[in-house]
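What follows is a short report on a single structure.
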Amino acid sequence: MSEGLRAQKKHETRRNISDVATGLFIRNGFEDVTIAEIAAEARVAKMTVTNHFPRKEDLVFDIRADFAAWPASLIHDSAFHDTREIYFEALGAEHALVGFSGRGFARMIKESQVLTNALHEMHREREEALTHLLIGRHPERELEPVLAAAHLATVLRVLFQEVFDRTLEDEPAKQIAAAVWPLAEQAFDQLEPVFGTY
615 MSEGLRAQKK HETRRNISDV ATGLFIRNGF EDVTIAEIAA EARVAKMTVT
665 NHFPRKEDLV FDIRADFAAW PASLIHDSAF HDTREIYFEA LGAEHALVGF
715 SGRGFARMIK ESQVLTNALH EMHREREEAL THLLIGRHPE RELEPVLAAA
765 HLATVLRVLF QEVFDRTLED EPAKQIAAAV WPLAEQAFDQ LEPVFGTY
């Protein structure tokens with residue numbers, strides 16, 4: 615098997631395990647589903663599950679690395695203006711990185727302290743990525759880059775929570791995006807006078 619085919623098969627296995635696990639978690643609750651049940655449903659060995667997902671919560675948040683790197687990895691020019699543009703693109707696309715999912719998925723997270731804690735960690739990792747980027751760009755500004763990253767990350771987290779809460783109320787995704795759009799504009803407008811030069 616070529617390296618390309620091997621990588622593709624690994625990706626497909628990972629995706630299948632995550633999809634199967636998420637379905638079981640939504641139906642039965644995160645805490646009540648075992649790794650053995652996931653392995654049986656996905657038709658793989660228990661070790662295959664844990665090799666792909668060392669922690670049980672990783673089965674739910676399989677986009678964790680992308681979540682933490684976004685938007686820092688996409689910023690090329692102005693951190694503030696690029697983040698703003700990237701956010702609205704994701705909001706318009708109803709992307710999971712800004713909070714869109716489904717009511718069952720959102721409820722599963724809300725009802726599990728483990729998953730809630732993991733989501734908080736992911737927001738912290740996102741802030742750390744922004745902080746690392748801004749300190750690297752502006753080492754001479756001492757604490758300012760840290761504050762800028764914290765404010766940008768806070769806006770992203772608060773807007774994520776708004777999408778999440780509305781999803782729990784079973785609002786349609788397009789309606790959520792339309793409602794959150796002006797709130798996001800207001801949030802970024804408030805930051806621009808202070809951090810617009812970043």
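For the sequence shown, the working numbering assigns the number 812 to the last residue and increments by one with no breaks. For every residue, glycine included, the Cβ atom is placed at its ideal position computed from N, Cα and C.
Where does the unbroken alpha helix (DSSP H) through residue i begin, and where does it stop?
| i | result |
| --- | --- |
| PHE809 | 787 to 809 |
| ILE677 | Run containing ILE677: none; DSSP gives neither H nor E here. |
| VAL769 | 758 to 782 |
| ARG698 | 693 to 706 |
| GLY618 | 617 to 642 |
| HIS666 | 660 to 666 |
| GLU735 | 727 to 751 |
| ARG669 | Taken as a continuous stretch (DSSP letters only), ARG669 belongs to no alpha helix (DSSP H), as it is neither H nor E. |
| ARG717 | 717 to 724 |
| ALA710 | Segment: none, ALA710 is in no alpha helix (DSSP H) and carries neither H nor E. |
| ALA653 | 649 to 656 |
With 16 other CB atoms within 10 Å as the buried threshold, where does residue i fall?
| i | result |
| --- | --- |
| MET661 | exposed |
| SER632 | buried |
| LYS670 | buried |
| HIS625 | exposed |
| GLU741 | buried |
| ALA693 | buried |
| LEU673 | buried |
| THR781 | buried |
| THR745 | buried |
| ARG717 | exposed |
| VAL808 | exposed |
| ALA621 | exposed |
Should residue i be listed as close to the ligand FAD, given that the test is whether its C-beta is under 7 Å from any heavy atom?
| i | result |
| --- | --- |
| TRP684 | Of the ligands one can find in the structure shown there are none, so the ligand FAD has no counterpart to examine. |
Between the Cα of residue i and those of the options, spot the shortest distance and give me the residue it belongs to.
| i | options | result |
| --- | --- | --- |
| GLU799 | ALA683, PHE702, PRO786, ALA650 | PHE702 |
| LYS623 | HIS666, ALA743, PHE714, PRO685 | HIS666 |
| SER687 | GLU735, GLU626, LEU747, ASN630 | LEU747 |
| GLU776 | GLN789, VAL794, ALA767 | VAL794 |
| GLU739 | ASP691, ARG641, ARG678 | ARG678 |
| LEU766 | PHE802, ALA792, GLU785 | PHE802 |
Give me, in chain order, the residues of the same chain whose beta-carbon lies closer than 7 Å to that of residue i; leave out the 5 immediate sequence neighbours on both sides.
| i | result |
| --- | --- |
| VAL712 | TYR701, ALA704, LEU705, LEU773, PHE774, VAL777 |
| ALA791 | LEU705, GLY706, GLU708 |
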